[in-house]
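K.L.:
Count the sequence shown with our numbering and you get residues 87 to 215, in order.
Input: one structure, supplied below.
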Amino acid sequence: MSCDTVAPGLVAYHFGTLPPEDRQAVEEHLPGCGRCLREFIALKRDLETSEEGPLPSTQARDRLRLAVARELRPRAVTRTWSRWERPLALGGALAALAAALFVTHQASVRQEVPPRALSQVEQGRTGGR
């Protein structure tokens with residue numbers, strides 16, 4: 087849909103009176119066209135802040151803002167976090183790494199007492215000293 091065909095329907099789009107196929111075309115066109123989007127936002131601002139005519143209720147304005155934000159929000163922005171990006175998982179991984187390093191260090195520097203059978207064999211070789 088071109089800008090020339092979208093612009094006249096922006097008021098009807100704002101009030102939700104466009105037929106479904108025209109509404110779909112406007113919704114597909116607005117996120118990709120900065121000029122039409124700016125025109126729609128200016129029109130929306132003028133309609134909401136106009137001193138003429140009855141003002142919409144606060145609830146109606148809030149519903150409209152929410153609907154427009156929902157419609158114009160990029161679809162691919164949602165992101166899921168993997169468990170390694172969570173701080174607690176990172177802390178747990180660092181704690182496990184520190185524990186593994188500590189155990190490895192302790193095992194490598196500790197002087198072990200030989201098993202009893204082995205020490206008796208060595209005593210037999212040295213004459214029981």
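Note that the Cβ used here is the ideal one computed from N, Cα and C, for glycine as well.
As the structure is a prediction and not an experimental result, all values here were calculated from the model.
1) Inspect the CB distances between the segment 113-126 and the segment 134-153 and report whether three or more fall short of 8 Å.
2) Within 10 angstroms of the Cβ of VAL112, are there 16 or more other Cβ atoms? Answer buried if so, exposed if not.
3) For GLY95, which residues of its own chain have a beta-carbon under 8 Å away from its beta-carbon, when the five flanking residues on both sides are left out?
4) What residue does the alpha helix (DSSP H) around GLN145 start on, and which one ends it?
5) Taking DSSP as the reference, what is the three-state secondary structure of GLU91?
6) In whole angstroms, what separates the C-alpha of ARG172 from that of LEU183?
7) What residue does the alpha helix (DSSP H) around THR190 start on, and which one ends it?
8) Which class does CYS122 belong to by DSSP, given the choice of helix, strand or coil?
9) Would CYS122 be called buried (16 or more neighbouring beta carbons within 10 Å of its own) or exposed?
10) By how many angstroms is the C-alpha of ALA193 removed from the C-alpha of ALA185?
11) Which residues in the same chain as LEU253 place their Cβ atom closer than 7 Å to its Cβ, once the five residues preceding and following it in sequence are excluded?
12) Once the 5 residues before and after VAL92 are set aside, which same chain residues still bring their CB inside 7 Å of it?
P.N.:
So, from the data block:
1) no
2) buried
3) LEU104, ASP108 and VAL112
4) 144-158
5) First, the amino acid is wrong: residue 91 is Thr here, not Glu. Three-state result, THR91: helix.
6) 17 Å
7) 173-195
8) helix
9) buried
10) 12 Å
11) An answer regarding residue 253 cannot be provided, because it is not within the stretch 87 to 215 covered by the chain.
12) VAL112, HIS115 and CYS122
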